Amino acid sequence: MSELKHFIIGRRGRKYFECQLDGKYKAKLVINHISDGFESEQSVFVEVNDLSQFTKFGNRLKFEPLRQVSENAVVESQRQAELRAQATKWLCLAEDDASDGKHSTNAITKAIELAAAHPVLGARLAQLKNQIELNHQQHQQQRLEQKRLKFAKRSQSAEDGPKLRALFPLDALPKFAVAVEFDAQQVEFVGKGKAFEIKAHHVNQHGARLARHLGEQGCYCYYRLIL
Numbered sequence: 001m002s003e004l005k006h007f008i009i010g011r012r013g014r015k016y017f018e019c020q021l022d023g024k025y026k027a028k029l030v031i032n033h034i035s036d037g038f039e040s041e042q043s044v045f046v047e048v049n050d051l052s053q054f055t056k057f058g059n060r061l062k063f064e065p066l067r068q069v070s071e072n073a074v075v076e077s078q079r080q081a082e083l084r085a086q087a088t089k090w091l092c093l094a095e096d097d098a099s100d101g102k103h104s105t106n107a108i109t110k111a112i113e114l115a116a117a118h119p120v121l122g123a124r125l126a127q128l129k130n131q132i133e134l135n136h137q138q139h140q141q142q143r144l145e146q147k148r149l150k151f152a153k154r155s156q157s158a159e160d161g162p163k164l165r166a167l168f169p170l171d172a173l174p175k176f177a178v179a180v181e182f183d184a185q186q187v188e189f190v191g192k193g194k195a196f197e198i199k200a201h202h203v204n205q206h207g208a209r210l211a212r213h214l215g216e217q218g219c220y221c222y223y224r225l226i227l
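So that you can map any letter, position 160 of the sequence shown is 160 in full-length UniProt numbering, and since no number is skipped, the others follow by simple counting.
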């Protein structure tokens, strides 16, 4: 497998250049049609085959040039590597979010934005998109189920709630949450509605007891029969 290496060219021999590798290691670079024009003290980036030998007696670093790479290309390659590292970081965070059932987070947004530019991350990005779509569908189903349960609860509350009501002036409200006698029955008043003005038709509907309260504020009080 080829590698990209940085050499400072030193003394030229019959078959090899004596070089400094990455600014700190002694190495030999094969002289061939790629390296033949290199000059002493020249800084070069070269794609190489590693011919190094590692024994118990020591290491001999030796490389065969395959292709010279311009410094601009190296800088761009490093920039792309940094961008890929950033995309990978966000992709990992997004994968964690997706595995937790989330479908819309900052990490997911960043991962989709950044990873698309790096084909090497394509398979993971596609899997992430599939997972967040599944999470989104499940979230929608959960919301629908919550709405259904909420509606059912409201319907049940309405069904189980008090069916009877009586109109009272605000200054003569009955006692609540205790057994009282009303209309010749034992009842429990459990709540009241909004206040409004007592008018003549209310007297006709709810009895003469309200006649002297015409024009006053009253409200409906809800009650249950105590059996």
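Glycine included, every Cβ here is placed at the ideal spot set by N, Cα and C. The structure presented is a predicted model; accordingly, all values stated were derived computationally and were not measured.
Point to revise | Inter-residue spacing [alpha-carbon to alpha-carbon] between VAL44 and GLU3 | key: Translated into positions along the sequence shown, residue 44 becomes position 44. Translated into positions along the sequence shown, residue 3 becomes position 3. Those two C-alpha atoms are separated by around 14 angstroms.
Check your understanding: In or out: TYR25 buried (at least 16 other Cβ within 10 Å) or exposed?
Key -> Within the sequence shown, numbered from 1, the residue matching residue 25 stands at position 25. So TYR25 ends up on the exposed side.
Check your understanding: Where does the unbroken alpha helix (DSSP H) through ILE108 begin, and where does it stop?
Key -> Residue numbering aside, residue 108 sits at position 108 when the sequence shown is read from its first letter. Run containing ILE108: 106-115, per the alpha helix (DSSP H) assignment.
Practice item. Report the partner residues of ILE8 according to the DSSP bridge assignment. Key: Looking up residue 8 in the sequence shown gives position 8. GLN20, SER43, per the DSSP bridge assignment.
**Study point:** Range covered by the beta strand (DSSP E) that runs through LYS28
**Key:** In the sequence shown, residue 28 corresponds to position 28, counting from 1. The continuous beta strand (DSSP E) containing LYS28 extends over residues 25-30.
Point to revise | Segment limits, alpha helix (DSSP H) that includes LEU83 | key: On the sequence shown, residue 83 is found 83 positions in, with the first residue counted as 1. According to the DSSP assignment, LEU83 belongs to the alpha helix (DSSP H) that extends over 71-99.
Review point. Where LEU114 and HIS6 are concerned, what is the direct C-alpha to C-alpha distance, given to the nearest angstrom?
Key: Position 114 of the sequence shown, counted from the start, is the residue given in the question as residue 114. Position 6 of the sequence shown, counted from the start, is the residue given in the question as residue 6. Going from the Cα of LEU114 to the Cα of HIS6 covers about 29 angstroms.
**Study point:** Same chain, Cβ closer than 8 angstroms to residue 262, five either side skipped, listed in chain order
**Key:** With the chain covering 1 to 227 only, the question about residue 262 has no answer from this structure.
Practice item. For ASP171, name the three-state secondary structure that DSSP assigns. Key: Stepping through the sequence shown from its first residue, residue 171 is reached at position 171. Of the three classes helix, strand and coil, the one that applies to ASP171 here is helix, per DSSP.
Check your understanding: According to the Cβ coordinates, are ALA94 and ALA85 closer than 8 angstroms?
Key -> On the sequence shown, residue 94 is found 94 positions in, with the first residue counted as 1. On the sequence shown, residue 85 is found 85 positions in, with the first residue counted as 1. For ALA94 and ALA85, no; Cβs fall outside 8 angstroms.
Review point. Over what stretch of residues does the beta strand (DSSP E) that includes ALA179 continue unbroken?
Key: Along the sequence shown, read from residue 1 onward, the residue named residue 179 stands at position 179. Here the beta strand (DSSP E) through ALA179 covers 179-182.
Check your understanding: Excluding the five sequence neighbours on either side, which residues of its own chain have a C-beta within less than 7 angstroms of the C-beta of ALA158, listed in chain order?
Key -> Along the sequence shown, one-based indexing puts residue 158 at 158. Note on ALA158: pLDDT 48, under 50, position unreliable in the model; no value is reported.
Point to revise | Classification of SER70 by the beta-carbon crowding that lies within 10 angstroms, buried from 16 upward | key: As a first step, residue 70 is located in the sequence shown; it is residue number 70 there, counting from the start. Exposed, since its Cβ has fewer than 16 Cβ neighbours within 10 Å.
Check your understanding: Bridge partners of GLN53, per DSSP?
Key -> As a position in the sequence shown, residue 53 is number 53, starting the count at 1. Beta-bridge pairing links GLN53 to ARG60.
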